[in-house]
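Just so you know, the sequences run in chain order A and B. One point on numbering: in our numbering, the residue at position 89 of the first sequence is 1023, and numbering is uninterrupted. One point on numbering: in our numbering, the residue at position 200 of the second sequence is 1134, and numbering is uninterrupted. The beta-carbon is built from N, C-alpha and C at its ideal position, and this holds for glycine as well. Worksheet for the structure shown next.
2 protein chains.
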Amino acid sequence: MTKTIPESVVERFPKYLALVQALLEDNKQWVSSAEIARALDLTSSTVRQDLSYLDYRGVANRGYEIENLDEALTGVLGLNEGLNVLIVGAGNLGRALTLHGRFQQKGFNIRAVIDSEPALIGEAVGSLVIEGMDILQKVVQSRNIDVGIIAAPPDVAQEITGKLVLAGVRGILNMSGQPVHAPQGVPVVNVRLLASLQQLAYAIKVADNKNDKDGLQRRPD
Amino acid sequence: MTKTIPESVVERFPKYLALVQALLEDNKQWVSSAEIARALDLTSSTVRQDLSYLDYRGVANRGYEIENLDEALTGVLGLNEGLNVLIVGAGNLGRALTLHGRFQQKGFNIRAVIDSEPALIGEAVGSLVIEGMDILQKVVQSRNIDVGIIAAPPDVAQEITGKLVLAGVRGILNMSGQPVHAPQGVPVVNVRLLASLQQLAYAIKVADNKNDKDGLQRRPD
DNA sequence: TAGATTGTTAATCGATTAACAATC
DNA sequence: TAGATTGTTAATCGATTAACAATC
């Protein structure tokens, strides 16, 4: 088995992967740690350290072969196979995610959208049809769902989590805004859009203070 | 001016704020660093250290008064006033964000939705009406927009960023998936949903390996 | 071969945690 | 007053960076 990879490193892997796939599109063949560092605003030392966790080694005096780097990053992230996704909640967010082509394109195959509201059942969302919450378990099992995405209101998020776990999903992406807990062995990633906006608010405040201090103009309230 | 607050601490402030506002709803009056730590999966030491950056001090032998803590966190994040938001892109994601009541409720007032597609102009999204991209600058200025949210395709994300900066927004939340750059002084927060899914994929892989090692059953492919 | 770039070790830096005096 | 909990200092831990021998 591979050595445990620090969380801070894992968090950067998707960035490397996005860059590498963009370079691949441009038909570039090689990239150096210094180039990667420049593109992602890191040091080349961090880049080399991070990439040393991969199954693929760079080549002294050449750098990293992009195709191999792509494969190694895809492999380490567990993206070789593609993952089947169920979206829970067919509101605006659920529909937006379902129709967002980029997930599909990157190996997250959206296989179903379900909702507890009977009136929505049967409605089309892209090439899918909204199904009932009552058949969640059946859907997960018959369509080999790996990942459940919670795009439902906060108050039902934990309840849905329980159902997803029971049905046998392997991981959960929770966009409800309400942090949820699943048993050990079923990882949960909580996406907090409000938190991102609040961090932005902080950054704005800091930037404004800086401008004040520097004697620069700011738009009057 | 206040001391600079480490990024790691600022990232936790929204979590404290969410908890504190939930406790406020429950009419709780006091909370201790140990209780906060338990709820957010931190150590009480980290909590006390973090909260010591605030303008409000706790009370020995009592803990923190929730109402004051709320105010202090709101203040430090720059959320006292509420912020006016423009959403760029009236596709599924843009509409979902516009209609998502929670942002409004937490002080992010969505004042406009714009799109470059003429056919969409005039269409209603909740209480707003989709407006044209050509009046972006006018909208930002006349409606005192603080924050632009990019909910448009990746290929136009950087271009929109330029327009937003020129129009005078104070910060940008970028949900396009394409990282964008703005000049110093206009902070950008990039939300990467795909990266979250990829991190989840990694966590799933690790969890599966662990189960294998422990000799537990895993669903066969 | 000479030069460039890797992989890795050691040094530095920053974040988290432990410990405890202050205090309500 | 006694006990609990804060705020803060010092210790520990982990992540980033610097440096350089190995190597293509």
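Chain-ordered neighbours of residue i on chain B, where CB pairs are closer than 9 Å
i       : result
A:I1138 : G1012, L1017, D1080, V1081, R1104, G1105, V1120, P1121
A:N1026 : N1026, L1027, R1029, A1030, L1031, T1032, L1033, H1034
Cβ separation of residue i and residue j, assumed to be a contact under 8 Å, to the nearest whole Å
i       : j       : result
A:V1047 : A:I1021 : 5 Å
A:A1030 : B:A1030 : 5 Å
B:P1117 : B:V1099 : 6 Å
A:A1137 : B:P1121 : 4 Å
A:E1001 : A:L958  : 7 Å
A:I1079 : A:N1124 : Not confirmed; about 19 Å, so no contact.
A:A1074 : A:G1102 : With the sequence shown as reference, residue 1074 of chain A is identified as Val, and Ala is not the correct amino acid for it. Their Cβ separation, rounded to whole angstroms, is 6 Å, which keeps A:V1074 and A:G1102 in contact under 8 Å.
B:I1083 : B:L1107 : 5 Å
B:V1059 : B:Y987  : About 39 Å; that fails the 8 Å criterion.
A:L1013 : B:A1141 : Not quite, the Cβ-Cβ distance comes to about 15 Å (not below 8 Å), so this is no contact.
B:D1128 : A:R1104 : Per the sequence presented here, residue 1128 of chain B reads as Leu, with Asp not at that position. Not confirmed; about 18 Å, so no contact.
B:Q1133 : A:P948  : 7 Å
Any chain B beta carbon closer than 7 Å to residue i
i       : result
A:L1070 : no
A:R1029 : yes
A:M935  : Residue placement at A:M935 cannot be trusted, given a pLDDT of 49 that sits under 50; the coordinates are not used to answer.
A:P948  : yes
A:A1141 : yes
Per DSSP, cross-strand counterpart(s) of residue i
i       : result
B:A1135 : Paired residue(s): none; B:A1135 is not in a bridge.
A:G1069 : One point to set straight first is that residue 1069 of chain A is Ile, not Gly, in the sequence displayed. Answer by DSSP bridge pairing: none, since A:I1069 is not bridged.
A:A1058 : A:V1063
A:F1042 : A:L1017
B:V993  : B:G997
A:V1108 : What sits at residue 1108 of chain A in the sequence shown is Asn, not Val. Paired residues: A:I1084, A:N1124.
A:V1022 : A:I1048, A:I1084
A:V965  : A:Y998
8 Å Cβ cut-off: residues of chain B touching residue i
i       : result
A:S1130 : L1107, V1123, V1125
A:V1047 : Per Cβ cutoff of 8 Å: no residues; A:V1047 is ~12 Å from chain B at best.
Minimum Cβ-Cβ distance from residue i to chain A less than 7 Å
i       : result
B:F996  : Here the sequence assigns Arg to residue 996 of chain B, which means Phe is not the residue at that position. It does not: the Cβ of B:R996 has no partner Cβ on chain A nearer than 7 Å.
B:V944  : yes
B:A971  : no
B:D1004 : no
B:V954  : no
For residue i, the three-state DSSP class (helix, strand or coil)
i       : result
A:M935  : Residue confidence for A:M935 is low, a pLDDT of 49 falling below 50, so the modelled location carries little weight; the figure read from the coordinates is stated next. In this structure, A:M935 counts as coil in the three-state DSSP scheme.
A:E1005 : helix
B:V1120 : coil
B:D1049 : strand
A:E1015 : coil
A:G1096 : helix
A:V1114 : coil
B:V943  : helix
A:Y987  : coil
B:D1089 : helix
A:I970  : helix
A:T1032 : helix
B:D1155 : At B:D1155 the pLDDT is 49, less than 50, meaning the model places this residue with poor confidence; the figure from the coordinates comes in the next sentence. DSSP places B:D1155 in coil when its eight states are reduced to three.
B:N1078 : coil
A:L976  : coil
A:V1103 : coil
B:D1148 : coil
A:D1142 : helix
Neighbouring residues, chain B, relative to residue i (Cβ below 7 Å)
i       : result
A:A1101 : Going along chain B, no residue has its Cβ under 7 Å from A:A1101, so there is no contact; the nearest lies around 11 Å.
A:N1145 : G1119
Amino acids of chain A, ordered along the chain, whose beta-carbon sits closer than 7 Å to that of residue i
i       : result
B:P940  : Near B:P940 there are no residues of chain A at all, since even the closest Cβ is about 12 Å away, more than 7 Å.
B:G1111 : R1036
B:K1040 : L1128
B:L1134 : V1081, G1105, L1107, P1121, V1123
Check: residue i C-beta below 6 Å from any heavy atom of the ligand GDP
i       : result
B:D1049 : By its list of ligands, the structure shown contains no ligand whatsoever, and the ligand GDP lies outside what it can speak to.
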